[in-house]
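Colleague:
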Amino acid sequence: ILLSLLVIDEQARWPGILTLIPVLGTMMILISSQQNSWFTRPKILQFLGNTSYSIYLWHWPVIFFSSYLAFSHSALNILLGVALSVFLGWLSYQWIEEPFRQKFSKQKLLSSYSFFIGSTLILLLGYYYIYKTEGVISRAPKSYLDKAAQMEMPSVKN
Numbered sequence: 029i030l031l032s033l034l035v036i037d038e039q040a041r042w043p044g045i046l047t048l049i050p051v052l053g054t055m056m057i058l059i060s061s062q063q064n065s066w067f068t069r070p071k072i073l074q075f076l077g078n079t080s081y082s083i084y085l086w087h088w089p090v091i092f093f094s095s096y097l098a099f100s101h102s103a104l105n106i107l108l109g110v111a112l113s114v115f116l117g118w119l120s121y122q123w124i125e126e127p128f129r130q131k132f133s134k135q136k137l138l139s140s141y142s143f144f145i146g147s148t149l150i151l152l153l154g155y156y157y158i159y160k161t162e163g164v165i166s167r168a169p170k171s172y173l174d175k176a177a178q179m180e181m182p183s184v185k186n
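Just so we're aligned, residue 29 is where the sequence shown starts under my numbering, counting upward by one.
1) Could you tell me the distance, in whole angstroms, from the CA atom of Asn186 to the CA atom of Tyr156?
2) Output the boundary residues of the alpha helix (DSSP H) element that contains Thr79.
3) For Pro182, name the three-state secondary structure that DSSP assigns.
4) Of the residues Val51, Ala177, Ser147 and Leu119, which one's Cα is nearest the Cα of Ile29?
5) Return the chain-ordered list of same chain residues with a C-beta closer than 7 Å to the C-beta of Ile91, the five sequence neighbours on each side being excluded.
6) Counting along the chain, where does the alpha helix (DSSP H) carrying Pro43 start and finish?
This is the structure:
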């Protein structure tokens, strides 16, 4: 896995043959599956192992929205994106994954549903705002808005 940090750069095709390096490295770690090895013993690695799927699920939305909001690809912004992905992954792990793994108590179930419903409502409100404002039109330059106002969409009727 560490080899991929040295070999894969911006010119590498992704996905491509070099994709096999981190995949095979991960496979070797999973196959070894020693519960108390020098590699899996540190708490930080156990944390990352436990939350890795949730982090994986959150990293693409974080990348998408950081690009959509026109954040630069500076080292600081990348580090903040990784930290946000890890934080959101941890929240998902704690409030969604773990309750499904454990025997549900009513309080845990209620807090999980509350978190899920609250998160869903926040996302829906954001989507509704973007829909109503036609895609955050305030970010568009005036020249684009002037041309867009003159355009007519073709009819979809036959």
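The beta-carbon is built from N, C-alpha and C at its ideal position, and this holds for glycine as well.
Modeller: Quick look at the numbers:
1) The residue labelled residue 186 in the question sits at position 158 within the sequence shown. The residue labelled residue 156 in the question sits at position 128 within the sequence shown. Note on Asn186: pLDDT 47, under 50, position unreliable in the model; the coordinate value appears next. Cα to Cα, the separation comes out at about 30 Å.
2) Along the sequence shown, one-based indexing puts residue 79 at 51. Run containing Thr79: Lys71 to Tyr96, per the alpha helix (DSSP H) assignment.
3) Taking the first residue of the sequence shown as position 1, residue 182 is located at position 154. Three-state result, Pro182: coil.
4) Translated into positions along the sequence shown, residue 29 becomes position 1. Checked all of Val51, Ala177, Ser147 and Leu119; the closest Cα to Ile29 is Val51.
5) Position 63 of the sequence shown, counted from the start, is the residue given in the question as residue 91. Hits under 7 Å: Gly109.
6) The residue you call residue 43 lines up with position 15 of the sequence shown. Note, Pro43: premise wrong, no alpha helix (DSSP H); not H, not E.
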